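Asker: Chains as they are written, first to last, in the numbering used here: chain A, 202 to 377; chain B, 501 to 662.
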Amino acid sequence: MRTLIEYSIFAALAVVGLATLFALQGPGAVGDSVAGSITLLLEIAPLLIGALLVSAYMQQLVSRERFARILGDQAGLRGLLIACVAGALTPGGPYAAFPLVMGFYRAGISLPLLVTYIVAWSLLGVQRALVWELAILGHHLMIIRYVVALPLPIIAGLIARQAMKLFPAADARGKA
Amino acid sequence: MLAGTIAVWVFVAALALYAQVHRPKVHKEVLKIALRQFKLLAFRLPLALVAAGALTLLLPQNFIAAKLGGTSGLEGIVLGSLFGAILPGGPYVAFPIVVLLMKSGATAAPLVALVTSWSVLAIHRILIYEMPLMGGRFVTIRVASSLLLPPIAGILAGALLG
Numbered sequence: 202m203r204t205l206i207e208y209s210i211f212a213a214l215a216v217v218g219l220a221t222l223f224a225l226q227g228p229g230a231v232g233d234s235v236a237g238s239i240t241l242l243l244e245i246a247p248l249l250i251g252a253l254l255v256s257a258y259m260q261q262l263v264s265r266e267r268f269a270r271i272l273g274d275q276a277g278l279r280g281l282l283i284a285c286v287a288g289a290l291t292p293g294g295p296y297a298a299f300p301l302v303m304g305f306y307r308a309g310i311s312l313p314l315l316v317t318y319i320v321a322w323s324l325l326g327v328q329r330a331l332v333w334e335l336a337i338l339g340h341h342l343m344i345i346r347y348v349v350a351l352p353l354p355i356i357a358g359l360i361a362r363q364a365m366k367l368f369p370a371a372d373a374r375g376k377a
Numbered sequence: 501m502l503a504g505t506i507a508v509w510v511f512v513a514a515l516a517l518y519a520q521v522h523r524p525k526v527h528k529e530v531l532k533i534a535l536r537q538f539k540l541l542a543f544r545l546p547l548a549l550v551a552a553g554a555l556t557l558l559l560p561q562n563f564i565a566a567k568l569g570g571t572s573g574l575e576g577i578v579l580g581s582l583f584g585a586i587l588p589g590g591p592y593v594a595f596p597i598v599v600l601l602m603k604s605g606a607t608a609a610p611l612v613a614l615v616t617s618w619s620v621l622a623i624h625r626i627l628i629y630e631m632p633l634m635g636g637r638f639v640t641i642r643v644a645s646s647l648l649l650p651p652i653a654g655i656l657a658g659a660l661l662g
């Protein structure tokens with residue numbers, strides 16, 4: 202039922218968006234927009250499926266204990282720093298990164314570390330910063346943006362550590 | 501995109517090979533898990549991409565440029581943070597819009613807040629990927645922990661630039 206409602210919302214957004222586009226800019230714009238989205242989907246699909254397989258293998262092969270050993274105390278600064286660097290080095294868009302995060306979560310990585318990882322991936326992602334930001338936005342804005350972003354993943358992880366207490370887990374393993 | 505796809509599949513092959521050697525029984529379970537996650541995205545993703553594509557073309561870019569161009573200081577930073585969260589699309593869609601805003605006279609601090617907000621809070625990314633894969637509790641905590649980052653980035657950028 203919940204999924205059905207969600208699908209309906211996405212479908213309604215798509216229909217309303219396209220209808221408005223049709224009304225304002227004509228059928229040509231609608232065709233271009235849909236064609237662009239389909240092209241993007243075809244580009245994303247093979248990457249997404251690969252990332253889901255990587256995620257599933259990780260969940261099956263890597264033990265919680267091994268992760269724990271590498272990261273040290275899961276709430277400590279060492280873990281946050283490792284998560285930050287790992288996030289910054291993770292290439293690819295959300296279709297690649299979120300399946301990985303899910304794999305880490307299922308393998309027992311703590312929530313604050315994953316918050317740091319996601320924020321580092323989205324803010325410090327080396328690939329995106331270099332390819333898109335440098336190319337499109339230019340080095341001036343990119344350097345300022347990157348420098349001020351450096352401490353943010355750690356800050357987010359530290360906030361998440363506190364926020365976790367406000368939203369207790371539904372079960373003991375913290376999966377909701 | 502192609503290089504990324506190849507890299508991911510090389511990784512898949514390496515993991516499959518490792519599993520084949522050490523724990524050949526996991527393949528079946530892996531396929532089951534991957535299929536279950538794929539089903540979570542199979543309908544959302546195409547619909548959401550079409551919706552995001554259309555909505556991007558409908559953004560009132562000139563209006564927003566005027567808003568961000570005229571304001572500086574905290575007001576601009578807050579506006580940039582809010583706008584970044586609703587800016588749909590990947591970097592190839594979002595960054596050209598930022599360039600447009602820059603050319604229309606928006607200053608660096610609001611733009612840094614905007615790009616930061618688009619990076620950590622973009623609603624389309626949360627709805628399409630994070631929510632179905634990670635679940636409500638995770639997303640709530642992750643977003644709550646990230647809400648202050650765009651204004652912090654904007655304020656820091658403003659301070660750095662004097």
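For glycine and all other residues, C-beta sits at the position ideal for the given N, C-alpha and C. As the structure is a prediction and not an experimental result, all values here were calculated from the model.
Give the single residue among B:G584, B:A565, B:A503 whose Cα lies nearest to the Cα of B:H624.
Answerer: Nearest option by C-alpha distance: B:G584.
Asker: Does the stretch 501-519 of chain B come close enough to the stretch 595-607 of chain B to have 3 or more Cβ pairs within less than 8 Å?
Answerer: In short, these stretches do not touch, since the Cβ pair count stays below three.
Asker: If we define contact as Cβ-Cβ less than 8 Å, is B:G504 a contact residue for chain A?
Answerer: Output row for B:G504: interface = yes.
Asker: Can you give me the C-alpha to C-alpha distance between A:A336 and B:Y592, rounded to a whole angstrom?
Answerer: Approximately 10 Å, taken between the alpha carbons.
Asker: Please classify B:I628: is it buried, with 16 or more other beta-carbons within 10 angstroms of its beta-carbon, or exposed?
Answerer: So B:I628 ends up on the buried side.
Asker: What are the residues of the stretch 581-606 of chain B that lie near chain A, defined by any Cβ-Cβ distance shorter than 8 Å?
Answerer: Those would be G590, P591, Y592, F595, P596, V598, V599, M602, in chain order.
Asker: Give the DSSP-derived three-state secondary structure of B:I597 in the structure shown.
Answerer: Three-state result, B:I597: helix.
Asker: What residues in the stretch 611-634 of chain B have a beta carbon less than 7 Å from any beta carbon of chain A?
Answerer: Here the close residues are L611, V612, V615, T616, S619, V620, R625, Y629, E630, L633, M634.
Asker: Once DSSP output is grouped into helix, strand and coil, what is the label at A:T317?
Answerer: Three-state result, A:T317: helix.
Asker: Look at B:T616 and B:A644 and say whether their C-beta atoms are less than 8 Å apart.
Answerer: Not a contact, by the Cβ cut-off of 8 Å.
Asker: Under the assumption that A:G218 contacts B:A657 (Cβ atoms under 8 Å), give the Cβ distance between them as a whole number of angstroms.
Answerer: Incorrect: roughly 32 Å between the Cβ atoms, too far for contact.
Asker: Residues of chain A with a CB under 7 Å from the CB of B:I564: which are they?
Answerer: The premise fails here: B:I564 is roughly 17 Å from chain A at the closest Cβ pair, so nothing lies under 7 Å.
Asker: Buried or exposed for B:E575, please, with buried defined as at least 16 other CB atoms from any protein chain shown within 10 angstroms of its CB.
Answerer: Counting Cβ neighbours within 10 Å, B:E575 comes out exposed, since fewer than 16 surround it.
Asker: Compute the distance between the beta-carbons of A:F368 and B:I641, then report whether it is under 8 Å.
Answerer: In contact: A:F368 and B:I641 (Cβ atoms closer than 8 Å).
Asker: Taking the alpha helix (DSSP H) that B:R642 belongs to, which residues open and close that run?
Answerer: It spans 636-646 - the alpha helix (DSSP H) in which B:R642 sits, taken as one unbroken run.
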